[in-house]
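Engineer:
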Amino acid sequence: MYFIAIYPPQEIIDEVKVFQKDLALNFNNSKALKNDAHITLLPPFERELTMENDIHVEFDKIDTHISSFEIKLNGFGSFPNPNSPVLFIQPEENESLKQLFLNVKEVFTFNKRSFNPHMTIGYRNLTFEYYLKAWEIYKGKEFKTKFIVDKISLLRHDGKWISIAEKKLSGK
């Protein structure tokens, strides 16, 4: 399994981990603790390990000739799907982030999903009952921070997600 994402600085990952721990302790949602906070640009996809070089070649083709940009995280949001609800931290609208997603999608054309940027704090084994209880608390909770995006990461799942390549944003 592989995916492409933007990772915030470690201090923001640590701040987000506090929310993930809250969901694990109080809402029986341990799965989110397994992943560090990130914004997905290309959802996980499967390829044989023997094809990894091809994935690197394609990753290198992504147009990253855009300037570093700031992402502002502001509050919480959710996807209230009864079968697999998600709680997340909401980034503010950002044209550079949208453009970066389109640049990834231009190379990895099999991605047919729309782009709903978010930083997940609860999902997978979060039941709808616990989701409703957690959302009552998180929908009014304040959380604001920001960080500079200056690279994207390609990750492979080896029991956990590990970064196997990075690509810097190089400006126009």
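Those letters in the sequence shown? Residues 146 to 317, per the numbering used here, in order. All C-beta atoms in this analysis are idealised placements derived from N, C-alpha and C, irrespective of residue type, glycine included.
Going by the CB atoms, is the gap between residue 168 and residue 182 shorter than 8 Å?
Structural biologist: As a working mapping, residue 182 is identified with position 37 in the sequence shown. As a working mapping, residue 168 is identified with position 23 in the sequence shown. For residue 182 and residue 168, no; Cβs fall outside 8 Å.
Engineer: Within 10 Å of its beta-carbon, does residue 195 have 16 or more other beta-carbons around it, so buried, or fewer, so exposed?
Structural biologist: Counting from one through the sequence shown, the residue named residue 195 turns up at place 50. It is exposed - the Cβ of residue 195 has fewer than 16 other Cβ atoms within 10 Å.
Engineer: With DSSP collapsed to three states, give me the class of residue 315.
Structural biologist: Locating residue 315 in the sequence shown gives position 170, counting from the first residue. In the structure shown, residue 315 sits in coil (DSSP, three-state: anything other than H, G, I, E or B).
Engineer: If you scan the region 220–300 from start to end, which runs of the beta strand (DSSP E) of 3 or more residues do you find wholly inside it?
Structural biologist: 231–236, 264–267, 289–294
Engineer: Rounded to whole angstroms, what is the Cα-Cα separation between residue 301 and residue 269?
Structural biologist: The count along the sequence shown starts at 1 and reaches residue 301 at position 156. The count along the sequence shown starts at 1 and reaches residue 269 at position 124. One C-alpha to the other measures close to 19 Å.
Engineer: Counting only C-beta atoms, is residue 170 closer than 8 Å to chain B at any point?
Structural biologist: This model lacks chain B altogether, as it is built from one protein chain only.
Engineer: Give the DSSP bridge partners of residue 206, in chain order.
Structural biologist: Taking the sequence shown and counting its residues from 1, the one referred to as residue 206 is at position 61. Partner(s): none; residue 206 has no beta bridge.
Engineer: For residue 161, does the count of other Cβ atoms within 10 angstroms reach 16, so buried, or fall short, so exposed?
Structural biologist: Here residue 161 corresponds to residue number 16 of the sequence shown, with the count starting at 1. By the neighbour-count rule (16 or more Cβ atoms within 10 Å), residue 161 is buried.
Engineer: Answer yes or no: do residue 236 and residue 184 have a C-beta to C-beta separation smaller than 8 Å?
Structural biologist: Numbered from its first residue, the sequence shown carries residue 236 at position 91. Numbered from its first residue, the sequence shown carries residue 184 at position 39. Yes; because the gap between Cβ atoms is below 8 Å, this pair is in contact.
Engineer: Using beta-carbon positions only, say whether residue 284 and residue 233 come within less than 8 Å of one another.
Structural biologist: Here the question's residue 284 lines up with position 139 in the sequence shown. Here the question's residue 233 lines up with position 88 in the sequence shown. Result no, Cβ atoms of residue 284 and residue 233 do not sit closer than 8 Å.
Engineer: DSSP state of residue 201, grouped into three classes?
Structural biologist: The count along the sequence shown starts at 1 and reaches residue 201 at position 56. Helix.
Engineer: Measure the beta-carbon distance from residue 298 to residue 149 and round it to whole angstroms, keeping in mind my assumption that it falls under 8 Å.
Structural biologist: Start at 1 with the first residue of the sequence shown, and residue 298 comes out as number 153. Start at 1 with the first residue of the sequence shown, and residue 149 comes out as number 4. About 7 Å; that satisfies the 8 Å criterion.
Engineer: Going along the chain, which residues of its own chain have a beta-carbon closer than 7 Å to the beta-carbon of residue 275, five neighbours each way excluded?
Structural biologist: Within the sequence shown, residue 275 is the residue found at index 130, counting from 1. If we look at residue 275 and ignore the five residues flanking it on each side, its Cβ neighbours are 172, 173, 174.
Engineer: Cutting at 8 Å between CB atoms, please list the residues of its own chain near residue 200, excluding the five before and the five after it.
Structural biologist: The residue you call residue 200 lines up with position 55 of the sequence shown. Same-chain partners within the cutoff: 147, 192, 299.
Engineer: If you reduce the DSSP assignment to three classes, tell me which class residue 211 lands in.
Structural biologist: Taking the first residue of the sequence shown as 1, we reach residue 211 at position 66. Of the three classes helix, strand and coil, the one that applies to residue 211 here is coil, per DSSP.
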